[in-house]
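If you read the protein sequences in the order shown, they are chains A and B.
The opening residue of the first sequence carries number 92 in the numbering used here; numbering runs sequentially from there.
The opening residue of the second sequence carries number 92 in the numbering used here; numbering runs sequentially from there.
Glycine residues also receive a C-beta, built at the ideal position from the N, C-alpha and C atoms.
Below: the structure, in C-alpha cells.
There are 2 protein chains.
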Amino acid sequence: MSTQLQAARKGEITDVIRYAAKREPIGAEAIARELAAGRLVIPANKNHLAGKLKPCAIGRAVTTKINANIGASPLDSDDITELHKLEVALKHGADAVMDLSTGGDVDRCRCNLIEHSTVPLGTVPLYEMIIHKPVEELTYDDILTTCCKQAKQGVDFFTIHAGVLREHLPLLDSRIAGIVSRGGSLLAHWMKHHNKQNPFYDVFDDLCDIMVEYDVCFSLGDGLRPGCLADATDEAQIAELRTLGELTRRAWDRGCQVMVEGPGHVPFNQIAYNMKIQKEICAGAPFYVLGPLVTDVAPGYDHITSAIGATAAAYYGASFLCYVTPREHLGLPTLDDVRQGVIAYRIAAHAADVALGLPGARDWDDDVSRARADLDWQKHLCLSLDPETARRMHDEKKLADTDHCTMCGKDWCSVRLSKRLRQPTA
Amino acid sequence: MSTQLQAARKGEITDVIRYAAKREPIGAEAIARELAAGRLVIPANKNHLAGKLKPCAIGRAVTTKINANIGASPLDSDDITELHKLEVALKHGADAVMDLSTGGDVDRCRCNLIEHSTVPLGTVPLYEMIIHKPVEELTYDDILTTCCKQAKQGVDFFTIHAGVLREHLPLLDSRIAGIVSRGGSLLAHWMKHHNKQNPFYDVFDDLCDIMVEYDVCFSLGDGLRPGCLADATDEAQIAELRTLGELTRRAWDRGCQVMVEGPGHVPFNQIAYNMKIQKEICAGAPFYVLGPLVTDVAPGYDHITSAIGATAAAYYGASFLCYVTPREHLGLPTLDDVRQGVIAYRIAAHAADVALGLPGARDWDDDVSRARADLDWQKHLCLSLDPETARRMHDEKKLADTDHCTMCGKDWCSVRLSKRLRQPTA
Numbered sequence: 092m093s094t095q096l097q098a099a100r101k102g103e104i105t106d107v108i109r110y111a112a113k114r115e116p117i118g119a120e121a122i123a124r125e126l127a128a129g130r131l132v133i134p135a136n137k138n139h140l141a142g143k144l145k146p147c148a149i150g151r152a153v154t155t156k157i158n159a160n161i162g163a164s165p166l167d168s169d170d171i172t173e174l175h176k177l178e179v180a181l182k183h184g185a186d187a188v189m190d191l192s193t194g195g196d197v198d199r200c201r202c203n204l205i206e207h208s209t210v211p212l213g214t215v216p217l218y219e220m221i222i223h224k225p226v227e228e229l230t231y232d233d234i235l236t237t238c239c240k241q242a243k244q245g246v247d248f249f250t251i252h253a254g255v256l257r258e259h260l261p262l263l264d265s266r267i268a269g270i271v272s273r274g275g276s277l278l279a280h281w282m283k284h285h286n287k288q289n290p291f292y293d294v295f296d297d298l299c300d301i302m303v304e305y306d307v308c309f310s311l312g313d314g315l316r317p318g319c320l321a322d323a324t325d326e327a328q329i330a331e332l333r334t335l336g337e338l339t340r341r342a343w344d345r346g347c348q349v350m351v352e353g354p355g356h357v358p359f360n361q362i363a364y365n366m367k368i369q370k371e372i373c374a375g376a377p378f379y380v381l382g383p384l385v386t387d388v389a390p391g392y393d394h395i396t397s398a399i400g401a402t403a404a405a406y407y408g409a410s411f412l413c414y415v416t417p418r419e420h421l422g423l424p425t426l427d428d429v430r431q432g433v434i435a436y437r438i439a440a441h442a443a444d445v446a447l448g449l450p451g452a453r454d455w456d457d458d459v460s461r462a463r464a465d466l467d468w469q470k471h472l473c474l475s476l477d478p479e480t481a482r483r484m485h486d487e488k489k490l491a492d493t494d495h496c497t498m499c500g501k502d503w504c505s506v507r508l509s510k511r512l513r514q515p516t517a
Numbered sequence: 092m093s094t095q096l097q098a099a100r101k102g103e104i105t106d107v108i109r110y111a112a113k114r115e116p117i118g119a120e121a122i123a124r125e126l127a128a129g130r131l132v133i134p135a136n137k138n139h140l141a142g143k144l145k146p147c148a149i150g151r152a153v154t155t156k157i158n159a160n161i162g163a164s165p166l167d168s169d170d171i172t173e174l175h176k177l178e179v180a181l182k183h184g185a186d187a188v189m190d191l192s193t194g195g196d197v198d199r200c201r202c203n204l205i206e207h208s209t210v211p212l213g214t215v216p217l218y219e220m221i222i223h224k225p226v227e228e229l230t231y232d233d234i235l236t237t238c239c240k241q242a243k244q245g246v247d248f249f250t251i252h253a254g255v256l257r258e259h260l261p262l263l264d265s266r267i268a269g270i271v272s273r274g275g276s277l278l279a280h281w282m283k284h285h286n287k288q289n290p291f292y293d294v295f296d297d298l299c300d301i302m303v304e305y306d307v308c309f310s311l312g313d314g315l316r317p318g319c320l321a322d323a324t325d326e327a328q329i330a331e332l333r334t335l336g337e338l339t340r341r342a343w344d345r346g347c348q349v350m351v352e353g354p355g356h357v358p359f360n361q362i363a364y365n366m367k368i369q370k371e372i373c374a375g376a377p378f379y380v381l382g383p384l385v386t387d388v389a390p391g392y393d394h395i396t397s398a399i400g401a402t403a404a405a406y407y408g409a410s411f412l413c414y415v416t417p418r419e420h421l422g423l424p425t426l427d428d429v430r431q432g433v434i435a436y437r438i439a440a441h442a443a444d445v446a447l448g449l450p451g452a453r454d455w456d457d458d459v460s461r462a463r464a465d466l467d468w469q470k471h472l473c474l475s476l477d478p479e480t481a482r483r484m485h486d487e488k489k490l491a492d493t494d495h496c497t498m499c500g501k502d503w504c505s506v507r508l509s510k511r512l513r514q515p516t517a
C-alpha cells in the first residue's frame, strides 16, 4: 500500500482524497495534483483511518486549518481531562489536535485520544522516549522503536525536530530567549553531552521508512523557533529552516508527506517575509505555524496576540495554524482556554480565507450580515461562530426586545433605522 | 487664544505640545511641525485643560492611540456605572474615551466624565440634540446650540457626521448592511424627510467657529462606514470619504484640528488600501478607525476579530484605534467588556508600533522576554500588560514552583533547559 503522496504521484484519486475534497472549494483532482507536488498533505494514518478519522487536506489551495495542542504535563491534568479537552476542541471546530503529553500515562492518553478523535492527531514522539530517563540517555534505537509504536497506534503526524543541527547552536548566543521549543532544547542538550549530530537527523532515512509504512505525515519541527520578537528571523532560525528544506526533499524522495513548522514570535512587519522564505526554501511544502505572537508583552492574552499574527501568516503563506491559548507562558491550558484558543484561531483562519478570496469563503459572513441587517436575532445567533456565547451575551439583559439589543435600544438602533430607510415611503 | 493647530502654524511650542511630547519617541518641535501640517492632533479643550486633562498627541509620527467607547443607552446603565467604565478604561490604558450616551441624564453623565477623565473625551453631539424628540425635528439651531454647550463643558473632540450627503444615499442600494452608523442613519432620515442636504454639512463653517473657540478637535464621522465585509470599500464609503477630505481642508482653513473616522468591517486584504486612500484624500489628517473587523461571523468575539484588523490598520496608516468590545452587535458593554476591549486594543496598537519600528517600542517586549528567559516570574508578571490577569492564571495551579509553570513542569521546561545550556560546562 502506498502513501497518499505516492498514490497522487501515480495519478490515483484515493477515497481519502475524495473525502477530504468534500469540504473544499476545489475538487479531488486538484487536491491530488497539489498533493503530488508536495504543496498539500492529508495526514491520515492507515490505522486511524480504520477508526474514526475523517481526513482533511492542508495546503494553500484549500481552506486554512487549525490545530489545538492538548496533553497532560507532569504537574497537571490526566488522560480523562485530556479527553474532555479533545471534545471541546472538536466541538468548537479544531481541524487537528496534538497530544503533547509529558506526564501521566502517556501511552493510554494517546490511545484514548486516537480512538475518540475524528480529526488528525499529532504527537512529538521524543517526549515519550525520555519520559522516564534523562535526555542524554536517548538512543537511536529509542527513536525508531517509539516512532514505530506510535505509528502503529495510529498517530497521523509526528513533529520531528531533525533540523536543529550541532552547527546551529553557536548561532544562539546573541538571543534573548534562547531555545523555547521543548524538543529543540532537549536535543541541544543531547548534542552538547554526546558531542554528536542531532540523532533524529542521523536516523532520518530510517524514520522515513516508518512514516511511509503507516503514512504518518512529517511535521518537521522548528526547534530553534524564535521565542521573542527580538530573536525573530535571526540566523539560527533561518539556518534551521534551510536544513528543514533539505529534509523536506529527502522525505519526499522516500514518498513521505511533509509539513514544515514555523514560528512562534514574529513582529507583524516580518510575517510576510517569513512566509515567503519558507515557501522558497521548502519548495512549497505546507507551512504549519505557531501563531506567531506579534508582541511579547501580554501573557494571559496570547490567543489574541497570536491570532493577529496567525491571520497575517495564513494570508501570506501558512496553511496550518497551531493555536495558542490565553494561558500560554503561564500554565497548562484548561478546558476553557482550549475553547478560547480554538475560537480565536477559527477567526484567524476564516479571516485569511476571506482575504485570500477562497471561493465561497465570504458566504458565511454575508449570511450572518443579512440576518443582522434583517434584525433576525435567532438566525444571527444561530449562524455565529459560537452560538452559545453570542446567545448568552445577548440574553443577559432581559430588557432587550426581540428586534433590537441593549447597545442602542429600539429608537437608536441604526439597523432598525437603516431597515426603515429601505422601505418605500408610505 | 489660538488652537493648538494655529499655535503650531505660528511656530509656537505650547505647554500642551511639550506635555504631549513627554511620552513620545519624538520631541516637542517635531510634534509641532506635524501638528502644523495637519498630520497630528492634540485634542485638548481649553476647559478640560483647566481640569484634569493630560493631553496626548495622535498622529503617524507618534505612538498609536486607542479610544474606549462608553455611555449609557436608553435600556441599560446609568451615569454612575459609566463613571466606573471610565475608571476601568483608564486603569487598563485607554488613551481617550467617548461618551456615546443616548439614555439617562446625558448632560450629568458627560459632565461627570469630563470632570474625572485624565484623557481626552469625545462625544457625538447629535445624540443629545434629539434625545427627547424625533430626528426629523432637528434644527440648524439645535446643532450650533448643543455643540456650543458641550464645547463649553470641555469635550475634547466631536464626531460630526457632516460627510453623509444626500447624493450618497442612492449608492447604498446594493449594500447588505445599509447604514450601521447611528449618526449616519439618523441624518439619512432627516435628509429623506426634509428633502434637504445634511444639516451638519450646511452649518459646517459656523461649527468650525465653535470648534476653534474652545479648541475642540473634529472627528469627521463616517456615517456610511461599511457594516459588513460585503459592503467594504464600496462607492458609498469612498464618496463620503471624498466629502470628508473636502471638510478636512475647510476645517483646517479655519484653524480647527481634524481627525477623520474610518471603518468598520473590512476584509484583511483591503485594509492597506483603505489606509492609503484616506491618506491621499484627506491630505494626511490622522485616521481614526473602528477596528476594522476582518470577519462578520463571530459576535461575542469582536474584540478579537477587530484587533486583527486594527493592528493592520495601525501598521498601514491609522493613528487612532477605536476599540470594539466582545459585546459589539449584542448589547451595551459591561465593565468587563470594557476591560477586554481596551486590552485587545493596547495589544493591537503596541504590535503596530513595534512593527513600524517606532524608536523604543520594542523595549517593553525585550524586557518581558528577558524576565521570561531568566525565569523571573515576579518581574515577568509585573511587566506584563495586565499583571492581575497574568498573575491569577499563573497562580491558579498551586502545584507550580517559583521557577517554572504547569505548562511543562520543571524537567520539561524549555526555558530552564535553555538557561542550563548557556551555563559553561562544569
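Check, Outcome
"Bridge partners for B:K156 per DSSP, in chain order?", "B:F411"
"Which residues of chain A have a Cβ atom closer than 8 Å to the Cβ of B:G422, listed in chain order?", "M484, H485, E487, K488, A491, C496, T497 and M498"
"For A:R418, which residues in chain B fall below 8 Å Cβ to Cβ?", "M484 and M498"
"Give me the Cα-Cα distance between B:P478 and A:T396, rounded to the nearest whole angstrom.", "16 Å"
"Here's the rule I'm using: 16 or more other beta-carbon atoms within 10 Å means buried, otherwise exposed. How should A:N365 be labelled?", "buried"
"Could you list which residues in chain B have their beta carbon closer than 9 Å to that of A:Y407, in chain order?", "Correct list: empty, because the minimum Cβ distance to chain B is about 10 Å."
"With distances taken between CB atoms, is the gap from B:P383 to B:A363 smaller than 8 Å?", "no"
"Compare the C-beta of B:A111 with all C-beta atoms of chain A and state if any pair is closer than 8 Å.", "no"
"Starting from A:Y364 and walking both ways along the alpha helix (DSSP H), at which residues does that stretch end?", "I362 to I372"
"B:Y88: buried (16+ other C-beta within 10 angstroms of its C-beta) or exposed?", "The structure shown does not extend to residue 88 of chain B, since chain B spans only 92 to 517, so no value can be given for it."
"Residues of chain A with CB closer than 9 Å to the CB of B:R273, please, in chain order.", "C499, W503, C504, S505 and L508"
"Looking at the secondary structure, which residues open and close the alpha helix (DSSP H) in which B:E258 lies?", "Premise fails: B:E258 is in no alpha helix (DSSP H) and is neither H nor E."
"Given this structure, state the Cα-to-Cα distance separating B:A268 from B:L262, to the nearest angstrom.", "13 Å"
"Determine, using beta carbons only, whether B:V385 comes closer than 8 Å to chain A.", "yes"
"Which stretch, first to last residue, makes up the alpha helix (DSSP H) that contains B:F291?", "P290 to D293"
"To the nearest whole angstrom, what separates the beta carbons of B:I117 and B:V132, a pair I think is in contact under 8 Å?", "Going by Cβ atoms, the distance from B:I117 to B:V132 rounds to 15 Å, so no, they are not a contact pair."
"With distance defined between alpha-carbon atoms, name the residue in B:H471, B:K283 and B:V246 nearest to B:L260.", "B:K283"
"Output, in chain order, the set of chain B residues within a Cβ distance shorter than 8 Å of A:S475.", "V388, A389, P390 and G391"
"Can we say the region 315 to 324 of chain B touches the region 339 to 358 of chain B, given the rule of at least three CB pairs closer than 8 Å?", "yes"
"So, are the CB atoms of A:Y379 and A:E352 less than 8 Å apart?", "yes"
"Please classify A:D486: does DSSP put it in a helix, a strand, or coil?", "helix"
"Out of curiosity, what's the CA-to-CA distance linking A:K101 and A:F291?", "30 Å"
"Based on Cα-Cα distance, which residue from A:P225, A:K370 and A:A327 lies nearest to A:E258?", "A:A327"
"If you run the structure through DSSP and keep just helix, strand and coil, what is A:M282?", "helix"
"Within a Cβ cutoff of 8 Å, which residues of the same chain sit near B:A517, ignoring the five residues on either side of it in sequence?", "Only weak support exists for where B:A517 lies, its pLDDT of 43 falling under 50; the coordinates are left without a value."
"Since A:I385 and A:I157 are thought to touch, with beta carbons under 8 Å apart, how far apart are those beta carbons, to the nearest angstrom?", "For clarity, residue 385 of chain A is Val in the given sequence; the question names Ile instead. In fact, because the Cβ distance is near 18 Å, the residues do not count as touching under 8 Å."
"Drop a sphere of 10 angstroms on the beta-carbon of A:Q95, count the other beta-carbons inside from all chains shown, and report buried for 16 or more, exposed for fewer.", "buried"
"Taking only beta-carbon atoms, is A:P358 less than 8 Å away from chain B?", "yes"
"Using a Cβ-Cβ cut-off of 6 Å (strictly less than) and excluding sequence neighbours within five positions of B:A99, which residues of its own chain qualify?", "A123, L126 and A127"
"A:A439 lies in the alpha helix (DSSP H); which residues open and close that run?", "L426 to A446"
"By the 10 Å Cβ neighbour count, where 16 or more other Cβ atoms means buried, how is B:S164 classified, buried or exposed?", "buried"
"Does the beta carbon of B:D106 come closer than 8 Å to any beta carbon on chain A?", "no"
"Under a CB-based cut-off of 8 Å, is B:H252 close to chain A?", "no"
"In terms of DSSP beta bridges, what is B:A187 paired with?", "B:N158"
"Between A:L277, A:H223 and A:V197, which lies nearest to A:K240 when the distance is taken from Cα to Cα?", "A:V197"
"Pick out whichever of B:H441, B:D170 and B:E173 has its Cα sitting closest to the Cα of B:D186.", "B:H441"
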